[in-house]
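Below is one structure; the comments refer to it alone.
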Amino acid sequence: MKIEVRAIGDIHILDCSGRITLGEGTMAVRNTVRDILKNDGKKIILNLADVNYIDSSGIGELVSTYTTVTNNGGQLKLLNLTKKIRELLAITKLLTVFQVFEDEKSAIASFS
Amino acid sequence: MDKISNEIEVIINSALGNLDLIQTLTDCITDFMKFDEDSVHQIGMSVRESVTNAIQHGNKLDKSKKVDISFVMSPDRLCISVRDEGNGFQADKIPSPLEDENILKPSGRGIFYIRTFMDEVEFRSLPEGGIEVHMVKKVPSN
Numbered sequence: 001m002k003i004e005v006r007a008i009g010d011i012h013i014l015d016c017s018g019r020i021t022l023g024e025g026t027m028a029v030r031n032t033v034r035d036i037l038k039n040d041g042k043k044i045i046l047n048l049a050d051v052n053y054i055d056s057s058g059i060g061e062l063v064s065t066y067t068t069v070t071n072n073g074g075q076l077k078l079l080n081l082t083k084k085i086r087e088l089l090a091i092t093k094l095l096t097v098f099q100v101f102e103d104e105k106s107a108i109a110s111f112s
Numbered sequence: 001m002d003k004i005s006n007e008i009e010v011i012i013n014s015a016l017g018n019l020d021l022i023q024t025l026t027d028c029i030t031d032f033m034k035f036d037e038d039s040v041h042q043i044g045m046s047v048r049e050s051v052t053n054a055i056q057h058g059n060k061l062d063k064s065k066k067v068d069i070s071f072v073m074s075p076d077r078l079c080i081s082v083r084d085e086g087n088g089f090q091a092d093k094i095p096s097p098l099e100d101e102n103i104l105k106p107s108g109r110g111i112f113y114i115r116t117f118m119d120e121v122e123f124r125s126l127p128e129g130g131i132e133v134h135m136v137k138k139v140p141s142n
């Protein structure tokens, strides 16, 4: 699991790649988002285009991250879901929770 | 594939580091059986979630306890059993992750995914203690 953080204005985009699974993968997402919140970042986009595998713990981590960001007065949006991640979110009704975007421009514009 | 069943059994210690190994083995078996891409993912995820539960919740990460995974390959189906040495649990008491009060919970989706992805799923309490998750995925008939 690898995460690269880009800042566009006050928006942080996390380009995630690899696997978000129990343990290392879920901790990487949690720690990166926690650091952004600590530095007063409130607008976060998780770009999941290159996430090739996610398990139920990874899905749980997305939910947990969403709750943490929201409780800190921020917003978390998802970008570029793979077919598999979309299916896992859809069948657990989580597509109704997250704001999901197919392109970065729209995701960025949604914060204004 | 031969018309007779072929069985592969693997016994692992209760270490989460073994999950990738079991998933790789599962992917090899489902590729060999020529399941389609979606089914390969669904079976792989169901096995991974079952073994995660066995290690984490069943055997409580006690590395001296084993998880026994068996794959029985038949021309029309793949049967998979995952057994732990824990104290068991009542699968029908697990709350649905689809209920409004559970949607934002960080855990509790693994068994739901298994039940959604596999054609048959049964949780059996073992007489010697522990739980066996028995799962079946049918090979689509062409």
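Protein sequence lines, in the order shown, are assigned to chains A and B.
Position 49 (the first sequence) corresponds to 49 in this note's numbering; numbering is contiguous.
Position 20 (the second sequence) corresponds to 20 in this note's numbering; numbering is contiguous.
Here a beta-carbon is modelled for each residue, glycine too, at the ideal position from N, C-alpha and C.
Host alpha helix (DSSP H) of residue i (start-end)
i: residue 64 (chain A); result: 56-71
i: residue 30 (chain A); result: 24-38
i: residue 117 (chain B); result: 110-117
Distance, residue j Cα to residue i Cα
i: residue 133 (chain B); j: residue 96 (chain B); result: 18 Å
i: residue 33 (chain B); j: residue 82 (chain A); result: 25 Å
i: residue 14 (chain A); j: residue 26 (chain A); result: 14 Å
i: residue 84 (chain A); j: residue 16 (chain A); result: 15 Å
i: residue 69 (chain B); j: residue 135 (chain B); result: 11 Å
i: residue 46 (chain B); j: residue 41 (chain A); result: 36 Å
i: residue 20 (chain A); j: residue 51 (chain A); result: 7 Å
i: residue 23 (chain B); j: residue 29 (chain B); result: 10 Å
i: residue 120 (chain B); j: residue 73 (chain B); result: 15 Å
i: residue 108 (chain A); j: residue 11 (chain A); result: 7 Å
i: residue 94 (chain A); j: residue 108 (chain B); result: 13 Å
i: residue 94 (chain B); j: residue 55 (chain A); result: 18 Å
i: residue 128 (chain B); j: residue 85 (chain B); result: 8 Å
i: residue 8 (chain B); j: residue 82 (chain B); result: 12 Å
i: residue 33 (chain A); j: residue 76 (chain A); result: 10 Å
i: residue 114 (chain B); j: residue 104 (chain A); result: 33 Å
i: residue 64 (chain A); j: residue 79 (chain A); result: 17 Å
i: residue 35 (chain A); j: residue 98 (chain B); result: 31 Å
Closer than 7 Å to chain A by CB, residue i
i: residue 103 (chain B); result: yes
i: residue 57 (chain B); result: no
i: residue 41 (chain B); result: yes
is_contact[residue i, chain B] using C-beta, thresh 7 Å
i: residue 69 (chain A); result: no
i: residue 65 (chain A); result: no
i: residue 84 (chain A); result: yes
Contacts that residue i makes with chain B (C-beta to C-beta distance below 8 Å)
i: residue 23 (chain A); result: 16
Chain-ordered neighbours of residue i on chain A, where CB pairs are closer than 8 Å
i: residue 98 (chain B); result: 92 and 93
Neighbouring residues, chain B, relative to residue i (Cβ below 7 Å)
i: residue 60 (chain A); result: 106, 107 and 109
i: residue 77 (chain A); result: Ordered by position in chain B, no residue passes the 7 Å Cβ test against residue 77 (chain A), which lies about 16 Å from the chain.
Chain B residues whose Cβ lies nearer than 9 Å to that of residue i
i: residue 97 (chain A); result: 103 and 104
Unbroken beta strand (DSSP E) run spanning residue i, endpoints
i: residue 9 (chain B); result: 6-13
i: residue 135 (chain B); result: 131-138
i: residue 43 (chain B); result: Premise fails: residue 43 (chain B) lies in the alpha helix (DSSP H), 37-53, not in any beta strand (DSSP E).
i: residue 77 (chain A); result: 75-79
i: residue 7 (chain A); result: 2-8
i: residue 20 (chain A); result: 11-20
Under 7 Å by beta carbon: chain A residues contacting residue i
i: residue 48 (chain B); result: 55
i: residue 118 (chain B); result: Residues of chain A passing the Cβ test: none, with the nearest at roughly 13 Å.
i: residue 135 (chain B); result: Chain A residues near residue 135 (chain B): none, gap ~15 Å exceeds 7 Å.
i: residue 45 (chain B); result: 55
Within chain A, partners of residue i - CB distance below 9 Å
i: residue 112 (chain B); result: 56, 91 and 92
i: residue 26 (chain B); result: Those do not exist, as residue 26 (chain B) stays about 13 Å from chain A at its closest Cβ, beyond 9 Å.
Q) If you measure beta-carbon to beta-carbon, which residues of the region 5-18 of chain A are closer than 9 Å to chain B? A) Listed in sequence order: no entries.
Q) In the region 32-56 of chain A, which residues sit with their C-beta less than 7 Å from some C-beta in chain B, listed in chain order? A) Listed by position along the chain: 55 and 56.
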